[in-house]
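Asks: For the sequence shown, position 50 (counting from the first letter as 1) is numbered 53 according to the numbering used here, and the numbering increases by one without interruption.
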Amino acid sequence: MTTTIYVPDIECDSCVRLIGRRLAGKGITGYTITGDILLLEDSEKANDVIKEIKSLGFRASTSPFDRKSFKERFRDFRENKEKYQTEREGIETALGVFGLLAAITIVAYVGFLNRIPNFLHNYGWWLFYLLIAITAIGAALWHYTAYRAKFTCMVGMMVGMTFGMQTGMMLGAIIGATNGFFIGSMIGMLIGTAAGVVTGKCCGVMGIMEGMMAGVMGGTMGPMISVMMFSDHLLWFMPFFMLINIVIIIGLSYLLFEEVVEQNKEIIRKPADFLTVASLSIIAAFLLGALMLYGPTSALLTF
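1) In the DSSP output, which residue or residues are listed as bridge partners for Leu42?
2) From the DSSP output, in three-state form, read off Tyr87 for me.
3) Taking the alpha-carbon positions, what's the Ile178 to Arg20 distance?
4) Quick check: the Cα distance between Arg76 and Lys86, rounded to an integer number of angstroms?
5) Can you have a look at Leu134 and say buried or exposed, based on whether 16 or more other CB atoms are within 10 angstroms of its CB?
6) Would you mind sorting Gly159 into buried or exposed? The rule is 16 or more other CB atoms within 10 Å of its CB.
7) Kindly give me the distance between the Cβ atoms of Cys206 and Phe260, rounded to whole angstroms, as I take these residues to be in contact under 8 Å.
8) Give me the Cβ distance between Met215 and Thr196, rounded to the nearest whole Å; I'm assuming they're in contact under 8 Å.
9) Using three-state DSSP, classify Val135 as helix, strand or coil.
10) Using only CA atoms, which one of Val10, Leu123 and Lys54 lies nearest to Thr35?
11) Can you tell me the Cα-Cα spacing of Ala281 and Ile137, whole angstroms?
12) Measure how close the beta-carbons of Ala176 and Phe233 come, nearest whole angstrom, since I'm counting them as under 8 Å.
13) Tell me which same chain residues have a C-beta within less than 6 Å of the C-beta of Ile286, skipping the five on either side of it?
14) From Phe131 to Gly225, what does the alpha carbon distance come to, in whole angstroms?
15) Hey, out of Gly141, Tyr112, Ala111 and Ala217, whose CA is closest to Phe171's CA?
16) How many Å lie between Phe73 and Leu294 at the Cα?
17) For Val52, collect the residues of the same chain with a Cβ closer than 8 Å to its Cβ; drop the 5 residues on either side in sequence, then sort them by chain order.
18) What three-state label does DSSP hand Arg62 in the structure shown?
19) Using the beta-carbon count (16 or more within 10 Å), is Asn50 buried or exposed?
20) Do you know whose CA, among Asp79, Gly203, Ile13 and Leu258, lies nearest Lys57's CA?
21) Output the residue ranges of the beta strand (DSSP E) runs that lie fully inside the segment 235 to 306 and measure 3 residues or longer, sorted by chain position.
22) For the alpha helix (DSSP H) that Pro226 lies in, which residues bound it at each end?
23) Decide if Gly163 is buried, meaning its Cβ has at least 16 other Cβ atoms within 10 Å, or exposed.
24) Specify, as a first and last residue, the run of the alpha helix (DSSP H) that Asp16 falls within.
25) Just to confirm, are Gly141 and Ala97 a CB contact at a threshold of 9 Å?
26) Just checking my contact of Phe185 with Ser301 at CB under 8 Å: how many whole Å lie between their CB atoms?
27) On the CB-based measure, 16 or more other CB atoms within 10 Å of its CB, does His146 come out buried or exposed?
28) For my contact list, Tyr126 and Leu296 are in at a C-beta cut-off of 8 Å; report their separation, rounded to the angstrom.
29) Note down the Cα distance separating Ile228 from Met157, rounded to an integer number of angstroms.
30) Among Asp16, Thr89, Met189 and Pro242, which residue has its Cα nearest to the Cα of Ile270?
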């Protein structure tokens, strides 16, 4: 009797070959793969096939995987608190970190930053955007590291690309607006590439390469936007720019939950504690903020 096994994470021929090699190594034959469906001739081997496919990081089941609409997901998020306990903790952590960073910044302004001429006019908005960027990136990294699971190549490449691109793009644009194209590009490219490598390595060299390429591209494009638009309504542009980047980061966390976490009974949850996240965020804000205020500035920018 033929058994149908659904493998929704099959995205390309490489996935098919990877599954084929694993099953061949276990002596399993008599199957065909069409799209994201595996047709197995011997139904008695179904559990063994599913086990081997799952060991590669793919989802597999004899029943189709249902995807919730955004409306259904939001309702499920409100009603099923235990299921989304980690995600709720992540939201609370993000709000707490942003509030802490904002409080420290206000204290620093009252203490000594107000002595810098035209501080609010020249740096106020950019420090605000810096705190938002650090909070958003930190929250996404917290959510990513909160789960111990295997990633498919497609999901891993998306993770590396998103972290590399959005990290480099946001930080590069902010630093580029205060320090110029060179410093903004260096900071955006280096931090974006590092973020892409660290997160993309979950699926091997493909994810690392994707993260590095995204970091280079986003890290140089961010400050390019700031410098080119510096005298053309840049401050009007930035709220939309930051909002879209944050939506992309939220979308990545949504994707991780739907593709990796949900219906994965073997996943291990080990979220970092608030003190660790807050400490790293404060260090990042201090270093980047000091660079913005006291680092080298391009001759094109006159504050």
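C-beta: ideal position from N, C-alpha, C; glycine also.
Replies: Quick answer:
1) Secondary-structure assignment with DSSP links Leu42 through a beta bridge to Thr7 and Thr35.
2) coil
3) 44 Å
4) 12 Å
5) Under this definition Leu134 is a buried residue.
6) buried
7) At roughly 17 Å, the Cβ-Cβ gap does not stay under 8 Å, so Cys206 and Phe260 are not in contact.
8) About 5 Å; that satisfies the 8 Å criterion.
9) In the sequence on display, residue 135 carries Ile and not Val. It is helical.
10) Val10
11) 10 Å
12) Here Ala176 is actually not in contact with Phe233; their C-beta atoms are around 11 Å apart, not less than 8 Å.
13) none
14) Cα atoms of Phe131 and Gly225: separation of roughly 17 Å, rounded to the nearest angstrom.
15) According to the sequence provided, residue 171 is Gly. The question's Phe does not apply to it. With distances taken between Cα atoms, Gly171 lies closest to Ala217.
16) In this structure, the CA atom of Phe73 is about 40 Å from the CA atom of Leu294.
17) Ile8, Leu26, Ile31, Tyr34, Leu41, Leu43 and Ala63
18) Collapsing the DSSP output to three states places Arg62 in coil.
19) exposed
20) Ile13
21) none
22) Val208 to Met231
23) Around the beta carbon of Gly163, 16 or more other beta carbons lie within 10 angstroms, which makes this residue buried.
24) Asp16 to Gly28
25) yes
26) About 6 Å separates the two Cβ atoms, so the contact holds.
27) buried
28) Right, their Cβ atoms sit about 7 Å apart.
29) 29 Å
30) The candidate whose alpha carbon is nearest that of Ile270 is Thr89.
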